[in-house]
Amino acid sequence: MKEITRRQFIATATLATGFALAVQPISAQVITTDEKGLVAGAVKIPVKDGEIPAYRAMPAKGKNFPTILVIHEIFGVHEHMQDVCRRFAKLGYLAIAPELFVRQGDVSKLSSIDEIRPVVAKVPDTQVMSDLDATVDWAMKSSKGNTNKLGITGFCWGGRITWLYAAHNPKVNAGVAWYGRLVGDDTELTPKHPVDIAANLKVPILGLYGGKDTGIPLDTVEQMREALKSSNSKSKIIVYPNASHAFFADYRPSYREEAAKDGWQRLKAWFNQHGL
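Going by mature numbering (1 follows the signal peptide of the UniProt record, and there is no 0), the letters in the sequence shown line up with residues -22 to -1, 1 to 254, in that order.
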């Protein structure tokens, strides 16, 4: 069989429909946001080597919407991330979730986290930063987005990217990072981590973390807090003592309603405070 090149792969890539295979069965507490009053659905974002799929949601009426980048977990832009975009659109934002693993593989079709991790491990930070720059450009030129009012939020894998993109693009007004890893090994693909960029961060980031998150030890959260003291970003971190990892993920058993709802209220207030 002829090998498919990266360019050919992303040219034919489509957005996931429904929830990722690896997260089945879906919890009964899952939140569903309708499309009433919205323009919502899959779009294509032009990038350096072709196009990547993304999910876009915005109000059906109006223009010049404040723009929010929604950065997915390791499961890609499946139904939960799409619903988060619709929640933002209901609040008057243009929300866009680009599929950032598409060159490395379609994680929505993989049945376990153990299958997904090797795909995610091949994703270079430089590629992600470039794709997000392209997404911002597309929002301004093609989707009624006001990118002078630009926010970012991300979950798990996307939480780490939220910190890094805010350092990469100082034009971001504010960000909210949900339980993203803060420290890690420096590699060719991931040369820096949030703790490495904290001291020079200019963008205000709100970090939301779980006190019982076994993957993100509290000592690393404290390390990040200490590093942020040297910055002028006015970033801060909130820890929910009884929450574990992925406490916002209402489709999974890890969901903690009280922490999730409080975090969402804090997100809205944080974006409002910083002009979004």
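All C-beta atoms, glycine included, are put in the ideal place defined by N, C-alpha and C.
When DSSP builds the beta bridges, which residues end up paired with threonine 131? The residue you call residue 131 lines up with position 153 of the sequence shown. The partner list for threonine 131 (beta bridge, DSSP) reads Val48, Val154.
First and last residue of the alpha helix (DSSP H) that includes glutamate 166? Within the sequence shown, residue 166 is the residue found at index 188, counting from 1. Careful: glutamate 166 lies outside any alpha helix (DSSP H) and carries neither H nor E.
Where the beta strand (DSSP E) through valine 217 begins and ends: Reading the sequence shown from its first residue, position 239 is the one you call residue 217. That run of the beta strand (DSSP E) goes 214 to 218.
Of the listed residues His56, Asp109, Ala221, Trp156, nearest to threonine 192 (C-alpha basis): By one-based count along the sequence shown, residue 192 stands at place 214. When each option's Cα is compared against that of threonine 192, the closest is Ala221.
Isoleucine 94 by DSSP, collapsed to three states: which one? Indexing the sequence shown from 1 puts residue 94 at position 116. In this structure, isoleucine 94 counts as helix in the three-state DSSP scheme.
Rounded to the nearest angstrom, how far is the Cβ of valine 80 from that of isoleucine 30, given a contact under 8 Å? In the sequence shown, residue 80 corresponds to position 102, counting from 1. In the sequence shown, residue 30 corresponds to position 52, counting from 1. At roughly 5 Å, the Cβ-Cβ gap stays under 8 Å, so valine 80 and isoleucine 30 are in contact.
From the DSSP output, in three-state form, read off tyrosine 143 for me. By 1-based counting over the sequence shown, the position of residue 143 is 165. Three-state result, tyrosine 143: helix.
Does the segment 58 to 74 come within contact of the segment 32 to 43, defined as at least 3 CB pairs closer than 8 Å? yes
Touching by the beta-carbon criterion (3+ pairs, under 8 Å), the segment 159 to 166 and the segment 84 to 93: no
Name the DSSP beta bridge partners of arginine 34, please? Residue mapping note: residue 34 aligns to position 56 of the sequence shown, counting from 1. Partner(s): Gly19, Ile74.
Starting from the C-beta of lysine 14, find all residues in its chain whose C-beta is less than 7 Å away, skip the five residues before and the five after it, and write them out in chain order. In the sequence shown, residue 14 corresponds to position 36, counting from 1. There are no such residues.
Methionine 107 versus leucine 196: straight-line alpha-carbon distance, rounded: In the sequence shown, counting from the first residue as 1, residue 107 sits at position 129. In the sequence shown, counting from the first residue as 1, residue 196 sits at position 218. Methionine 107 and leucine 196: Cα-Cα distance of roughly 27 Å.
At the level of alpha carbons, what is the spacing between alanine 176 and glycine 132? For the purposes of this step, residue 176 is taken as the residue at position 198 of the sequence shown. For the purposes of this step, residue 132 is taken as the residue at position 154 of the sequence shown. Cα-Cα distance, rounded: 17 Å.
Nearest-angstrom Cβ-Cβ length linking proline 102 and leucine 142, presumed shorter than 8 Å: As a working note, residue 102 is residue 124 in the sequence shown. As a working note, residue 142 is residue 164 in the sequence shown. With 8 Å as the limit, proline 102 and leucine 142 do not qualify as a contact, their Cβ atoms being about 12 Å apart.
Would you mind sorting lysine 207 into buried or exposed? The rule is 16 or more other CB atoms within 10 Å of its CB. The residue you call residue 207 lines up with position 229 of the sequence shown. Exposed.
Answer yes or no: the CB of serine 89 versus the heavy atoms of the ligand GDP, is any distance below 6 Å? As far as ligands go, the structure on display features none, and thus does not contain the ligand GDP.
Taking the alpha carbon of histidine 58 as the reference point, which residue from Thr125, Gln7, Thr198, Phe249 has its own alpha carbon closest? For this step, residue 58 is matched to residue 80 along the sequence shown. Ranking Thr125, Gln7, Thr198, Phe249 by Cα distance to histidine 58 puts Gln7 first.
What number of angstroms, rounded off, separates the C-alpha of glutamine -10 from the C-alpha of leucine 69? Numbered from 1 along the sequence shown, position 13 holds the residue referred to as residue -10. Numbered from 1 along the sequence shown, position 91 holds the residue referred to as residue 69. Here residue -10 is alanine; the residue named in the question, glutamine, does not match the sequence. So the alpha carbons of these two residues sit roughly 30 Å apart.
DSSP three-state assignment for isoleucine 175, whether helix, strand or coil: Here residue 175 refers to the residue found at position 197 when the sequence shown is read from its first residue. Looking at isoleucine 175 - three-state DSSP - the assignment turns out to be helix.
Here's the rule: buried if 16 or more other CB atoms are within 10 angstroms of the residue's CB, otherwise exposed. What is threonine 198? Residue mapping note: residue 198 aligns to position 220 of the sequence shown, counting from 1. With 16 or more Cβ atoms within 10 Å of its Cβ, threonine 198 is classed as buried.
Count the C-beta pairs between the segment 37 to 48 and the segment 213 to 231 that are closer than 8 Å, then say yes if the count reaches three, no if not. no
Own chain, CB closer than 7 Å to alanine 144, minus 5 neighbours either side, in chain order: Looking up residue 144 in the sequence shown gives position 166. Taken in chain order, the residues that qualify are Ile130, Val150, Gly153, Leu179, Val181, Ile183.
Mind checking who isoleucine 183 pairs with in its DSSP beta bridge? Start at 1 with the first residue of the sequence shown, and residue 183 comes out as number 205. Note: isoleucine 183 sits in a beta bridge opposite Gly153.
Establish whether the CB of serine 213 and some CB of chain D are separated by less than 7 Å. Any reference to chain D falls outside this structure, which holds one protein chain only.
Rounded to the nearest angstrom, how far is the Cβ of arginine 138 from that of proline 172, given a contact under 8 Å? Position 160 of the sequence shown, counted from the first residue, corresponds to residue 138. Position 194 of the sequence shown, counted from the first residue, corresponds to residue 172. Yes, arginine 138 and proline 172 are in contact; Cβ-Cβ is about 6 Å, under 8 Å.
Relative to the C-alpha of arginine 230, which candidate in Ala205, Leu128, Pro3 has its C-alpha closest? Here residue 230 refers to the residue found at position 252 of the sequence shown. Comparing Cα positions, the closest option is Pro3.
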